[in-house]
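Colleague: Handing you this structure, nothing more for now.
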Amino acid sequence: MTRHPTAGLVDRSVPVGFRFDGQEYRGYRGDTLASALLANGVRQVGTSVRLGRPRGIYSAGSEEPTGVVQIEEPFPEPMLTATTVELHDGLVASGLSGRGRLATTPDPARYDAVYAHTDVLVVGGGPAGVAAAEAAARTGARVILADEHPVAAGPTGVRLLARTTVVGYYDDNYLVAVQRRTNHLGAAAPPHVARERLWRIRAGRVVLATGAHERPIAFAGNDRPGVMLAGAARTYLHRYGVLAGRRAVVFTTNDSAYAAARELAGAGVEIAEIVDTRQGQAVVGVEGDTGVSTVEVAPLAGGATRRYDADLLLVSGGWNPVLHLYSQAGGRLRFDEELGRFVPDGCRQAVSFVLDESLPGSTFFVVPAEDYRTHFVDLQRDVTVADVLDATGAGLRSVEHVKRYTTAGTAHDQGKTSGVLTSAAVRQALGGHALGLTTFRPPYTPVSFATLAGRDRGRCFDPVRVTAIHDWHVAHGALFENVGQWQRARYYPVAAEDMPAAVRRECRAAREGVALMDASTLGKIEVQGADAAAFLDRLYTNVLSSLRPGAIRYGVLCHADGMLFDDGTVARLAEDRFLLTTTTGNAAAVLEWLEEWLQTEWPHLRAYCTSVTEQWATVALVGPRSRDVLRSLAPDLAVDAAAFPFMTWRDSTVAGLAARVCRISFSGELAYEINVPWWYGTALWEAVYAAGQPFGITPYGTETMHVLRAEKGYPIVGQDTDGTVTPHDLGMAWVVSKKKPDFVGKRSFSRVDTSRPDRRHLVGLLPDDRTTLLPEGAHLIATRDVPPPPVPALGHVTSSYPSAALGRTFALALVKGGRDRIGQRLYAPLGDRVVPVTVAGPVLYDPEGARRDG
Amino acid sequence: MLLIRCPWCGPRDEAEYHYGGQAHVAYPEDPSALTDEEWARYLFVRANPEGPFTERWCHTAGCRRWFTVVRDTRTNEILAVSR
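Chains as they are written, first to last, in the numbering used here: chain A, 1 to 854; chain B, 855 to 937.
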């Protein structure tokens, strides 16, 4: 044991048992894992990642480059620094050689997040930070004081966040901090308290009292366990009552290490020698088995080497203010050659940095030598001065490039101790230019993904939207798919049916009898106002102002570049009132599109848009017997084809419910879409289901819907289109008005590129083998043999299904000049085989449209 | 995380807004009168200055109104906001 009998702030009345690398040890409450390991004489914590050299404890804080551990219990966590892990009973940890292991079991802990607004945020609870917080609080300001250590109490009137590391500083004084709430309690952590909490803080003013990091010196063997920052040894003595060694050499470039020497000597550590570069002396070598046992000292000017027995080599290369957050805030840093350290040099954000003038800098960084292969600059990444010289020798000039070439500063510690040394080595190699640092980026210390995710995981990751009829689908065994945020019934297997069998059965019902589907998820937008018709004429490619109230028209929306981005129906409810439907996933985007044009280009138009998606539940009633079912439910409604023609709507009473019935078909069959207020969705569905029983009514899901529409060549936006497809490419020139002087996208249709004859067209594909199902995404080429790369691809499969109605498989595809290739043979290379297919028109089922009226 | 002052709702986090690119790119009076090159310029070519930039934002998660912001692209400082 090297525990001092009295020094330190640890609570000696509470011994703590822990295990490290399989050995049982004891420490005290208030220890870190690092201080407890040092107190137990453990010098080596792990090995380095690349060279496998022994690594010990180097610092006493979050700047630690080497003491990296894996926590095993209470819950596995990789890559923590022993200097920041608070000791608790039952802690089990092991040393790492570079890389940790993630837990293989779910994390039972909670994580949460808090938003805070404050007048002043003070980062760092040392004397300067406390004074700043106190002064600010006295003015009546709301003050938050955050400190990464287990601080017990803050000044009066200040909200203290202990064990809280501010990890990110963003625009407009927005800061992110991680508070460790129960980690230090181990197994005793109450399960209802979040383990870590993410603080998102907007501060009127920020005071950074983040102190300083001591810098190492590059010399031969400076990575050996037992080499430690001088200030860290003071911390171990004063905070933890731990002597970091018995006999020490102190190697310094500045005055600050003398205090360490004096205080350690007073505590019983023998100081073998103080080596000060300002007196022309330097450490030139370190010997030892794993840790330091002999320190070699020689004059910088050359001369005899002296050897000192020592188990501790304290190093001080001067101090650097911890300017990470200041730099993240956009603050400029400047290396002051006189002070030998970086200083804050102005920031546009409302931030002050408290500079501790008592901590000296230095401009001595690297002990000259013949061989720089053990002059480490980054102890975690195993980067030496020799590596930096390799980089500059290879022509790299910028410290940013050297960082990427050598990996210096890219470890968990992000170069807190190595950054300045790397930069100094670059300067030494190239001569002259100013000492620079690589850009500081968040986070200041590593943050776990669990903390960032907080409660937004699993079911809470994204809202789940379900229709009014959802519970019925669940009760009837539907399997679901996600469409946008919506859960849609995909198919309803009966008994042990697989999906193809269920879809075959559902398709047959829709084509030969009657079937029903929940279509409530389609986006619905009402557009009202005196100029509603004129407004829609400007956005849709076809004319909508000529629509009579009571009628419905199919329409598509294109971006100004002429590319189709949504389609749906437009029903005219009254002279000044329209109801648009959108695709399920695009409802919000279409509403935003309408609003954008209304607000930014045509604010004079009297048109107003409202989403009514969740006001209407929609049941699609499909199939040759659908009229019979509807007639039995709506005795007041004239349902024959002449009285209620295709693409019209009627207000009526269906199953006793006020309903809007539309004659719309997405399957090619006689079909109705019955809309009732959302609240009555299940009532309507159940009534339709009951009324359809004599006809064998069958519920169907989105998979069957896809097959039915694909057999008719109806494209799905986002599946058969991808933002590079015009209505003409889809063979829908008929939906593009030639009469309207303008609409959004019109001018683009006469661009050279959009009028090329070899654009990709939507066509049907029939595999020669009637059972071969092409994978969606399969590429198409002109020859059976795949030519050498680059292979001239003619297009790709966008939709592909087996079809009961066609008695074969089929596909839709976007094919270069596809409409001119109808009847031609193409080939789909599928890795180990090539599938021959014949190009067909996109409408494979009932091309004359005979089934529409039942 | 920018703090953007919505002209209707007041200062809110950037995450509530949707970015709309360069402002004042007016829809041409008569697109059919434009050459392909002029039309392509309207569609695709936008300014990308280093310094003050007038751009559109929409308060998507709030009032859903579009408005104009002048932002210094070097510092992210918002110099002006207007309806």
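All residues carry an ideal CB built from backbone N, CA and C; glycine is no exception.
None of the values given here were measured: they were computed from a predicted structure.
(1) Go ahead and pull the three-state DSSP assignment for A:E703.
(2) Quick check on B:W920 - is its C-beta less than 8 angstroms from some C-beta in chain A?
(3) Does any CB atom of chain B fall closer than 8 angstroms to the CB of A:G266?
(4) Hey, quick one: how far does the beta strand (DSSP E) through A:E481 stretch, first residue to last?
(5) Can you check which of these residues, A:F695, A:S448, A:Q719 and A:T613, is closest to A:A103 by C-alpha distance?
(6) In the DSSP assignment, find the alpha helix (DSSP H) that holds A:K403 and state where it starts and stops.
(7) For the structure I just gave you, are there three or more beta carbon pairs, one from the segment 355-362 of chain A and one from the segment 311-325 of chain A, closer than 8 angstroms?
(8) Figure out for me which residue from A:K712, A:N254 and A:G340 has the closest Cα to the Cα of A:L844.
(9) I want to see whether chain A comes within less than 8 angstroms of B:T929, judged by CB atoms only; does it?
(10) With distances taken between CB atoms, is the gap from A:R43 to A:G291 smaller than 8 angstroms?
(11) For chain B, find out if any of its Cβ atoms is closer than 8 angstroms to the Cβ of A:Y174; answer yes or no.
(12) So if I threshold CB-CB distances at 7 angstroms, which residues from the segment 165-190 of chain A count as touching chain B?
(13) From A:T182 to A:S665, what distance separates their C-alpha atoms?
(14) For A:H412, which residues from the same chain have a beta carbon less than 6 angstroms from its beta carbon, with the 5 sequence-adjacent residues on both sides left out?
(15) So is B:F898 buried or exposed if we call it buried at 16+ other beta carbons inside 10 Å?
(16) Strictly under 8 angstroms for the Cβ-Cβ distance: is B:A869 near chain A by that measure?
(17) Is the separation between the beta-carbon of A:A509 and that of A:Y714 shorter than 8 angstroms?
(18) For chain B, is any of its Cβ atoms less than 8 angstroms away from the one on A:M1?
(19) In chain order, which alpha helix (DSSP H) runs of at least 4 residues are fully inside the segment 236-319 of chain A?
(20) Closer than 8 angstroms, CB to CB, is A:A587 near chain B or not?
(21) Any beta-carbon of chain A closer than 8 angstroms to the one on B:E886?
(22) Going by other Cβ atoms of all chains shown within 10 Å of its Cβ, with 16 needed for buried, is A:S35 buried or exposed?
(23) Looking only at C-alpha atoms, which of A:N482, A:A478 and A:G140 sits nearest to A:M499?
(24) Can you tell me whether A:L814 is buried or exposed, with buried defined as 16 or more other CB within 10 angstroms of its CB?
(25) Of all Cβ atoms in chain B, is any one closer than 8 angstroms to the Cβ of A:T253?
(26) Looking at C-beta atoms only, is the number of pairs between the segment 390-406 of chain A and the segment 419-435 of chain A that lie closer than 8 angstroms three or more?
(27) If you measure from the beta carbon of A:G330 to each beta carbon in chain B, is any gap under 8 angstroms?
(28) Between A:R819 and the rest of its own chain, which residues show a CB-CB distance below 6 angstroms, the 5 nearest in sequence each way excluded?
(29) Would you kindly report the start and end of the unbroken alpha helix (DSSP H) that includes A:A532?
(30) Please name the residues in the segment 901-912 of chain B whose beta-carbon is closer than 9 angstroms to at least one beta-carbon of chain A, in chain order.
(31) For chain A, find out if any of its Cβ atoms is closer than 8 angstroms to the Cβ of B:R859; answer yes or no.
(32) How would you label A:K524, buried or exposed, when you count the other beta carbons within 10 angstroms and need 16 or more for buried?
(33) In angstroms, rounded to a whole number, what distance separates the CA positions of A:M1 and A:A113?
(34) Please classify A:W199 as buried or exposed, where buried requires at least 16 neighbouring CB atoms within 10 angstroms.
(35) Taking 8 angstroms as the threshold (C-beta atoms), are A:G211 and A:E328 in contact?
(36) Which term fits A:L855, buried or exposed, when burial requires 16 or more other beta carbons within 10 angstroms of its beta carbon?
Modeller: On the basis of the coordinates in this document:
(1) Sequence index remark: in the first sequence, residue 703 of chain A carries index 703 (1-based). Here A:E703 sits in helix by DSSP.
(2) If you number the second sequence from 1, residue 920 of chain B lands on position 66. By this cut-off, B:W920 is an interface position.
(3) For the purposes of this step, residue 266 of chain A is identified with residue 266 of the first sequence, where counting begins at 1. Output row for A:G266: interface = no.
(4) Taking the first residue of the first sequence as 1, we reach residue 481 of chain A at position 481. Taken as a continuous stretch (DSSP letters only), the beta strand (DSSP E) holding A:E481 covers L479 to V483.
(5) In the first sequence, the residue the question calls residue 103 of chain A occupies position 103. Selected option, being the one with the closest Cα: A:S448.
(6) Position 403 of the first sequence, counted from the first residue, corresponds to residue 403 of chain A. Residues V399 to T406.
(7) yes
(8) The sequence position of residue 844 of chain A within the first sequence is 844, counting from 1. The residue with the shortest Cα to Cα distance from A:L844 is A:K712.
(9) Taking the second sequence and counting its residues from 1, the one referred to as residue 929 of chain B is at position 75. Yes, B:T929 lies at the interface with chain A (some Cβ there is under 8 angstroms from its Cβ).
(10) Numbered from 1 along the first sequence, position 43 holds the residue referred to as residue 43 of chain A. Numbered from 1 along the first sequence, position 291 holds the residue referred to as residue 291 of chain A. Taking 8 angstroms as the Cβ cut-off, A:R43 and A:G291 qualify as a contacting pair.
(11) As a working note, residue 174 of chain A is residue 174 in the first sequence. Chain B contact via Cβ: present.
(12) Y170, D171, D172 and Y174
(13) Here residue 182 of chain A is taken as the residue at index 182 of the first sequence, counted from 1. Here residue 665 of chain A is taken as the residue at index 665 of the first sequence, counted from 1. Note on geometry: alpha-carbon atoms of A:T182 and A:S665 lie some 59 angstroms from one another.
(14) As a first step, residue 412 of chain A is located in the first sequence; it is residue number 412 there, counting from the start. Excluding sequence neighbours, A:H412 sits near M79 and P446.
(15) Residue numbering aside, residue 898 of chain B sits at position 44 when the second sequence is read from its first letter. With fewer than 16 other Cβ atoms within 10 Å, it is exposed.
(16) Residue mapping note: residue 869 of chain B aligns to position 15 of the second sequence, counting from 1. No, B:A869 does not count as interfacial toward chain A.
(17) Against the first sequence, residue 509 of chain A aligns to sequence position 509. Against the first sequence, residue 714 of chain A aligns to sequence position 714. Not in contact: A:A509 and A:Y714 (Cβ atoms no closer than 8 angstroms).
(18) Stepping through the first sequence from its first residue, residue 1 of chain A is reached at position 1. Legend: pLDDT at A:M1 = 49, less than 50; position of this residue unreliable, value from coordinates given subsequently. It does not: the Cβ of A:M1 has no partner Cβ on chain B nearer than 8 angstroms.
(19) 256-266
(20) Here residue 587 of chain A refers to the residue found at position 587 of the first sequence. Not one chain B Cβ lies under 8 angstroms of A:A587.
(21) Taking the first residue of the second sequence as 1, we reach residue 886 of chain B at position 32. Here residue 886 of chain B is Ser; the residue named in the question, Glu, does not match the sequence. Yes, B:S886 counts as interfacial toward chain A.
(22) For this step, residue 35 of chain A is matched to residue 35 along the first sequence. A:S35 should be labelled buried.
(23) Reading the first sequence from its first residue, position 499 is the one you call residue 499 of chain A. Minimum Cα distance to A:M499 is reached at A:A478.
(24) Position 814 of the first sequence, counting from 1, holds the residue named residue 814 of chain A. Label assigned to A:L814: buried.
(25) Indexing the first sequence from 1 puts residue 253 of chain A at position 253. Answer no: the Cβ-Cβ gap between A:T253 and chain B never drops below 8 angstroms.
(26) yes
(27) Numbered from 1 along the first sequence, position 330 holds the residue referred to as residue 330 of chain A. It does: the Cβ of A:G330 has a partner Cβ on chain B nearer than 8 angstroms.
(28) Start at 1 with the first residue of the first sequence, and residue 819 of chain A comes out as number 819. So the list reads H761, once near-sequence residues are dropped.
(29) Locating residue 532 of chain A in the first sequence gives position 532, where the first residue counts as 1. A532 to L539 is the span of the alpha helix (DSSP H), which, as asked, contains A:A532.
(30) R910 and C912
(31) What you label residue 859 of chain B is simply residue 5 of the second sequence in a count that begins at 1. So, not an interface residue.
(32) Your numbering for residue 524 of chain A matches position 524 in the first sequence. Result: buried.
(33) Along the first sequence, one-based indexing puts residue 1 of chain A at 1. Along the first sequence, one-based indexing puts residue 113 of chain A at 113. At A:M1, the pLDDT of 49 sits below 50, so the modelled position is not reliable; the number obtained from the coordinates is stated separately. A:M1 and A:A113 have their alpha carbons spaced roughly 42 angstroms apart.
(34) Position 199 of the first sequence, counting from 1, holds the residue named residue 199 of chain A. Counting Cβ neighbours within 10 Å, A:W199 comes out buried, since at least 16 surround it.
(35) Within the first sequence, residue 328 of chain A is the residue found at index 328, counting from 1. Within the first sequence, residue 211 of chain A is the residue found at index 211, counting from 1. The question names Glu, but residue 328 of chain A is Gln in the sequence shown. No; because the gap between Cβ atoms is not below 8 angstroms, this pair is not in contact.
(36) No statement about residue 855 of chain A is possible, as the shown extent of chain A runs from 1 to 854 and does not include it.
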